[in-house]
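Student:
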Amino acid sequence: MPSAQEQQTAQVSRAPQLTPQQAQVIAHQQGHAKVVAVAGAGKTTTLTHFIAARLSEGVSPRRLLVLMYNRAAREDFEAKLGRLLPRQALPEVRTFHSLGLRIYQRLIAQGVLPPFQGKPLSDSEMEPIVWRLLQQLADDDTRQEILSQRKKWVEPALAFIDLVKSGLQPPAEVFEALELPDSCKIFIDLFDLFEDWRRQQRRISYSDMLYDPVMAFIYQPEVAAQFGGHMQWILVDEYQDINAIQQHLLEVLYGGRGSVMVIGDPDQTIYEFRGSKPEFIVQKFDQQMQQVSTYQLPHTFRYGHALSLLANHLITHNKEREPVLCLSHPSTPQTKAKLHFARYEPALILTLIKSEAEKQPLENIAVINRLWALCAPIELGLLQAGIPYQLHNSQSVLDRWELQIFWILLEISAGRFAARNTEQRTDAWLQVLTTPYPKIKRSTLEQIARTLAQADADFGEALQAAVPDDMSKWQRQQLDARAEILASAEHVAMPAHRLLQQYIDQSGLEDGIADSAFSAQQIEDRLQTIKAFVRFMRESEQSSRTALDYLQQLKAQRLKQSRERKGGVHLTSIHKSKGLEWPVVIIPGLNAHYYPYTPEGEFTTPASEESERRLLYVAMTRAIQQLHLIAPDPQKDQKRGPGQSSARDWSSRFQQELMVERSVDMARAIYAGDDSVALKVQHGSPADWLQNYCQTLDIQLNFTLDTSSAIGREGSVQRRAAPGYPKAPANYIIEQKYSAAATQRRIRHDTLGSGVVLAEDERYIKIRFDGEAQARTLDKKTASAFMENE
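Each residue of the sequence shown is one higher than the one before, starting from 1 at the first, in the UniProt record's numbering.
1. F417: which of D456, Q431 and Q552 sits nearest, CA to CA?
2. Please classify G753 as buried or exposed, where buried requires at least 16 other C-beta atoms within 10 Å of its C-beta.
3. Taking only the alpha-carbon atoms, compute the straight-line gap between S122 and Y206 and give it to the nearest angstrom.
4. Do you know how far the Cα of L571 is from the Cα of L90?
5. List the endpoints of the continuous alpha helix (DSSP H) containing Q384.
6. Which residues mark the beginning and the end of the beta strand (DSSP E) in which R94 is found?
7. Kindly list the residues whose CB is nearer than 8 Å to the CB of Y764, restricted to its own chain and excluding five residues on each side of it in sequence; keep chain order.
8. Using 8 Å as the threshold, is the C-beta distance between T696 and G40 below it?
9. Please specify which runs of the beta strand (DSSP E), each continuous and at least 3 residues long, are wholly inside the segment 241 to 280, giving them in chain order.
10. So, is V492 buried or exposed, given that buried needs 16 or more other C-beta atoms within 10 angstroms?
11. Considering only C-alpha positions, which residue in the set A466, T351 and A157 is nearest to L178?
12. Using the beta-carbon count (16 or more within 10 Å), is L559 buried or exposed?
13. Quick one: Cα of D480 to Cα of D399, how far?
14. For the beta strand (DSSP E) that contains M787, what are its first and last residues?
15. Taking DSSP's pairing of strands, which residues face H340 in a bridge?
16. Applying the criterion that 16 or more other CB atoms from any shown protein chain within 10 Å of the CB defines a buried residue, is T45 buried or exposed?
17. With DSSP as the reference, identify every bridge partner of Q528, one or two as the case may be.
18. Compare the beta carbon distance of P579 and E363 with 8 Å and say whether it is the shorter of the two.
19. Using CA atoms only, rank isn't needed, just tell me which of G275, T451 and T300 is closest to Y239.
20. Could you give the first and the last residue of the continuous alpha helix (DSSP H) run that contains E446?
21. Assuming N591 and S651 form a contact by the criterion Cβ under 8 Å, report the distance between their Cβ atoms to the nearest whole angstrom.
22. Using DSSP with H/G/I as helix, E/B as strand and the rest coil, what is N591?
23. On the criterion of 16 or more Cβ atoms from any shown chain inside 10 Å, does R198 qualify as buried, or is it exposed?
24. Rounded to whole angstroms, what is the Cα-Cα separation between A224 and W233?
25. Select from F160, E195 and H749 the residue whose C-alpha is nearest the C-alpha of S784.
26. Could you name the residues that DSSP lists as bridge partners for R776?
27. Between S540 and Q501, what straight-line distance do the alpha-carbon atoms span, to the nearest angstrom?
28. Are the CB atoms of P388 and Q561 within a distance shorter than 8 Å?
29. What's the gap between the Cα of residue 793 and the Cα of F533?
30. Tell me the DSSP secondary structure of M68 in three-state form.
31. Name the two residues that bound the continuous beta strand (DSSP E) containing A33.
32. Helix, strand or coil: how does DSSP classify residue 824 here?
33. Cβ atoms of L615 and I315: under 8 Å apart, would you say?
34. What does the alpha-carbon distance come out to for the pair S676 and H628?
35. Taking only the alpha-carbon atoms, compute the straight-line gap between S608 and F116 and give it to the nearest angstrom.
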């Protein structure tokens, strides 16, 4: 006689669109549970059916709490739960922050926390306060830099405050974990000073909705006890995104009574800069709760086998994860994946967008960038082509801070600058004088700007006349260089791109950008935006006299599109794409510089290779029908000469891990039911996960050794159909033919010396040269001219 839980599992497994694994989760009746779900695994469906099952058993909706990561997820969940259970009392669904605010208000009523006034502080409200406090804490030299480079200092200071409030460590310990210069130690005192100001003003920030109540709970355990143990069930979605503050709040709410179920995917932990860590879902939940039932939702309902195989090939290189295998459900589309090689990626992306737009609406296409630096030339290309787009960022490339100096120059060249009023002129001249910052006192530059604001023409001469007599020779040279460019802009007609490049070169703008930021990522973002803009102006063939009108037309076009909400191509980042999906996804920048991206001194929790791999995994798994991966053209880099290929432009190790060709070939075999298909295997025997994947589809892998091949490994595949998949001839077998000679063969390179061949295929050869720790991957066609067998 089956148990009650076994009967319920059998019942829910017969419900439409529910897998046996989902049914097991839904049938879980008591005790803590952890559910590890791959991307697109139907978490919302599983949770809503779980709630329906508990309510049908008599659990009161008032004793069931659902915690979601953000408001959009909460609203979506509430809508689906309402459709599943119409005209029925439903449990409370909250975000962590909305629940924190509710607890905050109760603590105010009890006198535990002081009342606050107004809405939560926005960044625009906090920035001037933090700027002033930084000046108060800094020494004289640093104060001058803070005055002149406000953005450089205020942004990381605000990020530091938020990072402290995401965890339980004091500011000094948080600072020690970050790679910031010693001059930033004032951030430690800044935190306390800002908190003093906040309490005096009776204000809270978004982070304080959780931080203040949790701190009160830590220092007053008797208060915390009031809020714990009231729920029979607490369900936490997207648990991989939790931070230490949210985890502590969850422990308080649990209070040792009832059951907690968390659901998430450690492979999608990408918010480390907010304090999230994979260890919460991988280890700490089990350690905290001790007796935990673990379930897996391995089937994705989003994408087909090619993408599942790509995702598994990539993410199984990570160690800090639950070993869940991503499997495409039989209902998924036959997702296509393609690796493109490009010499200039924005041009290829524009071509891909136009091609895809012939088959579906532009709204179905998303370009997902690792850094916003990659987005600037794409946005400019879409503007020029008149293709609508949706920017998942608050600022268009045309509004970027680092380009404002160019707008001023083109305004002068167009003869429009004199139309400004005195205040507007002063602000513009201060921008010219401080971009880049010339190591002159802010007060002196402000006085020069006020003097310049009185001039209606001949701005270069006016700047030279406004320079004080007591200025050093070096400082005067800096301002004279800018005066010369202003004179050119005003009096000499030239191609717009030449004027902009002249300013970049003579003002030392690129070095100034590097000096004006703590983060290497921020530096690159700004420099790449500038380069993309200059290239865009060159390709537009605008003169310095006409460029302003042209840009204003583009800006008006962009504003009109935004107001009318016509949609278009999505331009987004990996972090902003989380939780979303599109039929077509394009991922640029698959090179050694961006994947993995490891800048020095970046102001976040130091990035690891595993966290970078998770980012690519998340980006890829947003696709439904088509994934385009764009990597650099190897021929472009090999032309630099042996040993001189650019680290930025050469292939990413993640590209090699993806095994695109193998994944696509295997998916084609699964769908087509061919008697055989040739597969190329570059490294070793198949991984356990690949054998498990094939076993799930009733595919057997048998590899045999063949020493006759000098190139690599090839095999033939035969298959037998698995339930729910296309029928095909029986006995689907993959046979491996392996070249033992390939691992023993030694070569000599004219420049790099002798080495041993580790692997090779038709296009590439991987060699570890004597005396080098890392292997090199070379293009065989190009490298053959420099190599010979030993």
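Idealized CB from N, CA, C, for every residue including glycine.
All figures in this text were calculated on a predicted structure; none of them were measured in a lab.
Tutor: Based on what the coordinates show:
1. In the sequence shown, residue 417 corresponds to position 417, counting from 1. Nearest C-alpha to F417: D456.
2. Against the sequence shown, residue 753 aligns to sequence position 753. Label assigned to G753: exposed.
3. For this step, residue 122 is matched to residue 122 along the sequence shown. For this step, residue 206 is matched to residue 206 along the sequence shown. If I take the Cα positions, the gap works out to 8 Å.
4. The residue given as residue 90 occupies position 90 in the sequence shown. The residue given as residue 571 occupies position 571 in the sequence shown. Going by the C-alpha atoms only, they are around 37 Å apart.
5. To locate residue 384, count along the sequence shown from 1; it is residue 384. From DSSP, the alpha helix (DSSP H) with Q384 extends over C375 to A385.
6. Looking up residue 94 in the sequence shown gives position 94. E92 to T95 is the extent of the beta strand (DSSP E) around R94.
7. Within the sequence shown, residue 764 is the residue found at index 764, counting from 1. Hits under 8 Å: P634, T777, L778, D779 and K780.
8. Position 696 of the sequence shown, counted from the start, is the residue given in the question as residue 696. Position 40 of the sequence shown, counted from the start, is the residue given in the question as residue 40. No, the Cβ-Cβ distance between T696 and G40 is not below 8 Å.
9. 259 to 264
10. In the sequence shown, residue 492 corresponds to position 492, counting from 1. Its Cβ having fewer than 16 others within 10 Å, V492 is exposed.
11. Indexing the sequence shown from 1 puts residue 178 at position 178. Ranking A466, T351 and A157 by Cα distance to L178 puts A157 first.
12. As a first step, residue 559 is located in the sequence shown; it is residue number 559 there, counting from the start. Under this definition L559 is an exposed residue.
13. Residue numbering aside, residue 480 sits at position 480 when the sequence shown is read from its first letter. Residue numbering aside, residue 399 sits at position 399 when the sequence shown is read from its first letter. Distance between the alpha carbons of D480 and D399: 28 Å.
14. Here residue 787 refers to the residue found at position 787 when the sequence shown is read from its first residue. Its beta strand (DSSP E) spans residues M787 to N789.
15. Here residue 340 refers to the residue found at position 340 when the sequence shown is read from its first residue. BP columns for H340 point to I630.
16. As a working note, residue 45 is residue 45 in the sequence shown. So T45 ends up on the buried side.
17. Within the sequence shown, numbered from 1, the residue matching residue 528 stands at position 528. Bridge partners of Q528: none, in fact.
18. Numbered from its first residue, the sequence shown carries residue 579 at position 579. Numbered from its first residue, the sequence shown carries residue 363 at position 363. Residue 579 is actually Gly in this sequence, not Pro. No. Outside cutoff.
19. By one-based count along the sequence shown, residue 239 stands at place 239. Among G275, T451 and T300, the Cα nearest to that of Y239 is on G275.
20. As a first step, residue 446 is located in the sequence shown; it is residue number 446 there, counting from the start. Here the alpha helix (DSSP H) through E446 covers R442 to L452.
21. If you number the sequence shown from 1, residue 591 lands on position 591. If you number the sequence shown from 1, residue 651 lands on position 651. So it is a contact: roughly 7 Å between Cβ atoms.
22. Sequence index remark: in the sequence shown, residue 591 carries index 591 (1-based). Strand at N591.
23. Counting from one through the sequence shown, the residue named residue 198 turns up at place 198. Per the 10 Å Cβ criterion, buried.
24. Here residue 224 refers to the residue found at position 224 of the sequence shown. Here residue 233 refers to the residue found at position 233 of the sequence shown. For A224 and W233, the distance between alpha carbons rounds to 18 Å.
25. Counting from 1 along the sequence shown, the entry for residue 784 is found at position 784. Per the Cα distances, H749.
26. Counting from one through the sequence shown, the residue named residue 776 turns up at place 776. DSSP lists I767 as partners of R776.
27. By one-based count along the sequence shown, residue 540 stands at place 540. By one-based count along the sequence shown, residue 501 stands at place 501. The alpha-carbon atoms of S540 and Q501 are separated by roughly 15 Å.
28. Counting from 1 along the sequence shown, the entry for residue 561 is found at position 561. Counting from 1 along the sequence shown, the entry for residue 388 is found at position 388. Their beta carbons are under 8 Å apart, which means Q561 touches P388 by this criterion.
29. For residue 793 there is no data in the structure shown, the boundaries of the chain being 1 and 790.
30. Residue 68 sits at position 68 when you count from the first residue of the sequence shown. If DSSP states are grouped into helix, strand and coil, M68 belongs with the strands.
31. The sequence position of residue 33 within the sequence shown is 33, counting from 1. Taken as a continuous stretch (DSSP letters only), the beta strand (DSSP E) holding A33 covers H32 to A37.
32. Any property of residue 824 remains undetermined from this structure, which presents the chain solely from 1 to 790.
33. Position 315 of the sequence shown, counted from the start, is the residue given in the question as residue 315. Position 615 of the sequence shown, counted from the start, is the residue given in the question as residue 615. Contact: no.
34. Along the sequence shown, one-based indexing puts residue 676 at 676. Along the sequence shown, one-based indexing puts residue 628 at 628. Reliability fails at S676, whose pLDDT of 46 lies under 50, so the model's placement of it is uncertain and the value that follows must be treated cautiously. Taking the straight line joining both Cα atoms gives about 26 Å.
35. Looking up residue 608 in the sequence shown gives position 608. Looking up residue 116 in the sequence shown gives position 116. Whole-angstrom Cα-Cα distance: 39 Å.
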